[in-house]
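**Q** Structure in structure tokens, see below.
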Amino acid sequence: MRFYRLRNRLKEKTAGLGQSVGLALAEAVLLAAEAEFAKLSEDYPQWVLEQLERLQQQHRAAVAEPARSALAFQAINEIAHDMRGQGSTFGYPLISTVGDSLYRFSQARAAYDDNQVEIVKAHVDAMRAVIQGRVKGDGGEIGRALIASMQRAIAKYAGAVGPVP
Amino acid sequence: MAVAEFDLSRVSILLAEDNHYIRVLLFQCLKALGIGLVRTCKDGGEAIEVLRALHVDPGKAGAGEFDVIVANWQMAPVDGLALLRWVRRHQESPARFVPFIMVTGHADRAKVEQARDMGATEVLAKPFSVQTLAERLAQVIDRPRQFVHTFDYFGPDRRRCVPAVPGRIERRTITEAEIEVVYD
């Protein structure tokens, strides 16, 4: 067993050679970073609408050209992966929940039929409702109703295409 | 204890995050916190390429070295855990001792332990805030841990404190002669 006890060069870079002091970020720096975070969070609903538009483009492309549906599903899967990773950070965990469901549904789907179209649409509709209603957090009653409505749509069409993984 | 203020302007960070908006958010927040250089990568594979270039030719990579790596766990095609494994264990890694902050949306105990056992220095759970990001940075700068190399682990000491031996009965069989301490 070997232990490596290395010089703390990172601390030397950030604070000079003073050894006994604790370090903290300046309050003003933290506030500036928080303002940046808040500014980006304000733009988030607009970002989601742009992503929903991209989802709908893929959706339309798959309907128009069934032979390319596997490619469309791959694109939908990638967009859903992005969306599931964002919502919670910006205060919209329901976007992450629905995005995760769409991600799992769109994984490894080669065929694209009318029932699957409806399932993708149910996800897009749910996310659009979350953003248009600015439903933050778990959304309370409204959030539960949105998720239940999406799950009903999935259950209705999933019977024809096999279970959602 | 007196508290000094960080000056992060000489610090460089390699940021790997495949999610465009989270990447922008982390980049902007790190810059706002005063980090001098933030090199962004779209996934673990790109980060490995940047680090490999640094190994081959430090001048060409655009930065002498990275002081901290911040990487998302859930990335495609090469995820954060694969990046961490490469950083800690690959012979071409130029930064085997670099502090590594793993960002993850799945911060349950099992996942945190998995990241720790692969050699992560800190775990930053999503949803994160500026405050939690700053705390993780402060932790790696102000309170680094010694590195441990055993037959199945290489990374920061997984024990942040040394508790008393349970029941005061020492069951570890390793002897002083089998321990080597390396200083630089």
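Keeping their order, the protein sequence lines are chains A and B.
Note that numbering that gives the first Met the number 0 has the first sequence beginning at 0, numbered continuously upward.
Note that numbering that gives the first Met the number 0 has the second sequence beginning at 0, numbered continuously upward.
Glycine included, C-beta positions come from ideal geometry on N, C-alpha and C.
With a threshold of 8 Å, are at least 3 pairs of Cβ atoms found where one atom belongs to the stretch 16 to 23 of chain B and the other to the stretch 80 to 90 of chain A?
**A** Output reads yes: the stretch 80 to 90 of chain A touches the stretch 16 to 23 of chain B.
**Q** At 7 Å on the CB atoms, spell out the chain A contacts of B/Ala-52, in chain order.
**A** The premise fails here: B/Ala-52 is roughly 22 Å from chain A at the closest Cβ pair, so nothing lies under 7 Å.
**Q** Just tell me which of B/Arg-159, B/Lys-125, B/Val-147, B/Asp-56 has its CA closest to the CA of B/Val-181.
**A** When only C-alpha atoms are compared, the closest one is B/Val-147.
**Q** Quick one: does B/Ile-178 have its CB under 8 Å from some CB of chain A?
**A** Chain A contact via Cβ: present.
**Q** So which of B/Ser-92, B/Ser-8, B/Ile-47, B/Phe-5 has the shortest CA-CA distance to B/Leu-14?
**A** Measuring from the Cα of B/Leu-14, the nearest candidate turns out to be B/Ile-47.
**Q** Please identify, using Cβ separations under 8 Å, the residues of the stretch 78 to 109 of chain B that lie next to chain A, in order along the chain.
**A** From the stretch 78 to 109 of chain B, only Phe-96, Pro-98, Gly-104 have a Cβ closer than 8 Å to chain A.
**Q** Below 7 Å CB to CB, which residues in the same chain sit around B/Asp-78 once its five sequence neighbours on both sides are set aside?
**A** The residues are Gly-43, Trp-72.
**Q** Please return the same chain residues whose Cβ sits closer than 6 Å to the Cβ of B/Arg-144, not counting the five positions on each side in sequence.
**A** The residues are Pro-155, Asp-156.
**Q** Strictly below 9 Å CB to CB, what residues from chain C border B/Pro-143?
**A** The structure shown contains no chain C; its protein chains are A and B.
**Q** Less than 8 Å between C-beta atoms, sequence neighbours within five positions excluded: which residues of the same chain meet that for B/Gly-35?
**A** So the qualifying residues of the chain are Leu-7, Ser-8, Arg-9, Val-10, Ser-11.
**Q** Would you mind sorting B/Ala-222 into buried or exposed? The rule is 16 or more other CB atoms within 10 Å of its CB.
**A** Past the boundaries of the shown model lies residue 222 of chain B; chain B is included only from 0 to 183, so the question cannot be answered.
**Q** Just grab the DSSP bridge partners of B/Gly-154 for me.
**A** B/Gly-154 is bridged to B/Val-147.
**Q** Using a Cβ cut-off of 8 Å (strictly closer), state whether A/Met-149 contacts chain B.
**A** Output row for A/Met-149: interface = no.
**Q** First and last residue of the alpha helix (DSSP H) that includes B/Glu-45?
**A** 43 to 55 is the extent of the alpha helix (DSSP H) around B/Glu-45.
**Q** Is A/Ser-87 helix, strand or coil by DSSP?
**A** Three-state DSSP puts A/Ser-87 in coil, outside helix and strand.
**Q** Would B/Ile-178 be called buried (16 or more neighbouring beta carbons within 10 Å of its own) or exposed?
**A** Exposed.
**Q** Unbroken beta strand (DSSP E) runs of length 3 or more, entirely within the stretch 71 to 114 of chain B: which are they?
**A** 99 to 103, all fully within the stretch 71 to 114 of chain B.
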